[in-house]
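Under the working numbering, the first residue of the sequence shown carries the number 10, and numbering increases by one thereafter.
Don't be surprised by glycine CBs; every beta carbon is placed ideally from N, CA and C.
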Amino acid sequence: MKGIVLLGAPGAGKGTQAKLIASRYALPHISTGDILRSNIKNGTELGSLAKSFIDEGKLVPDEVVVAIVKDRLAQPDCKEGFLLDGFPRTTEQAKALASFATVTHAIDIEVDADEVVKRIAGRRMCACGESYHISTHPSAVCDKCGGALYQRDDDKEETVANRLRVYFDQTAPLIDYYRSAGVLFKVNGMQSVDEVFGEIKEVLDGND
Ligand code: AP5
Ligand code: MG
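See the structure below:
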């Protein structure tokens, strides 16, 4: 049973690696960012609450995201394991998670601050969830569904600066939290997508 948490700054490649991990290990990929963005797109009450925080690069309140994840992990497809991308992001969220699920691997994708800014600035998204990059993974339209590519609203320069500040203040302390719990694994994110995934596979295959 694998309970995986992906840590790493905005733009480190969590979503990119999560897709590869979910497919190889047949785990449900749970991205709180994707869930919140789909609520914004569908005009739900949760979406309108989340939008005000996301647009400023702030975190959505802990109780809101904890409730989303608790509910999602109670679904039958999470019985054999799960892969969390973008959650937890605060110590409070990590403590709440520990009360209803077991984390076996917290994988920290380490990338320099300059590189994450470049990755975010060049990112282009498809509505189906695929992510592209104007230099490292360019495409005119989505390879998977043919959809039009767009830039995420919170990928503007001012918002990115806030997201990075929030990451260092509130999320980076989770590295020590999971180190103390004995489940922290660091991978070098300053490599190609395939090379990063290679390191992640070593972590996951070596620790069942
Ligand atoms: P979220 O959607 O989680 O965004 P994030 O953490 O800022 O991370 P990103 O999705 O920007 O980056 P990523 O690490 O997934 O990188 P990606 O693979 O796309 O959260 C958004 C907002 O929602 C938050 O700011 C907050 O407001 C709210 N929220 C979400 N969860 C919350 C929570 N738990 N609590 C409170 N609020 C929450 O890659 C980036 C780019 O780089 C892509 O273009 C990709 O193609 C490229 N790339 C990836 N890997 C490589 C590589 N190895 N080499 C070169 N390019 C690469
Ligand atoms: Mg992401």
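C-alpha distance - residue i paired with residue j, whole-angstrom precision
| i | j | result |
| --- | --- | --- |
| K88 | L82 | 8 Å |
| F62 | D80 | 21 Å |
| A21 | H114 | 17 Å |
| S57 | R172 | 19 Å |
| G24 | L16 | 11 Å |
| K165 | E65 | 10 Å |
| T53 | V175 | 25 Å |
| K11 | V212 | 12 Å |
According to DSSP, residues forming a beta bridge with residue i
| i | result |
| --- | --- |
| I49 | For I49, which the question treats as bridged, DSSP gives no partner whatsoever. |
| G131 | Answer is none; G131 lacks a bridge partner. |
| E119 | N197 |
| S140 | M134 |
| G12 | F91 |
| A157 | V150 |
| S40 | D94 |
Own chain, CB closer than 7 Å to residue i, minus 5 neighbours either side, in chain order
| i | result |
| --- | --- |
| A59 | L45, N48, I49, V69 |
Spatial neighbours of residue i in its chain, beta-carbon cut-off 8 Å, leaving aside the 5 residues before and after
| i | result |
| --- | --- |
| V125 | A18, P19, G20, A21, L173 |
Same chain only: Cβ atoms within 6 Å of residue i, ignoring 5 sequence neighbours per side
| i | result |
| --- | --- |
| S148 | Y141 |
Touch test, the region 107-121 against the region 64-72, Cβ-Cβ under 8 Å, three pairs minimum: no
Meets three-Cβ-pair contact criterion under 8 Å: the region 148-163 and the region 183-197: no
Contact set, the ligand MG heavy atom to C-beta under 7 Å: K23, G24, S40, G42, D94, G95
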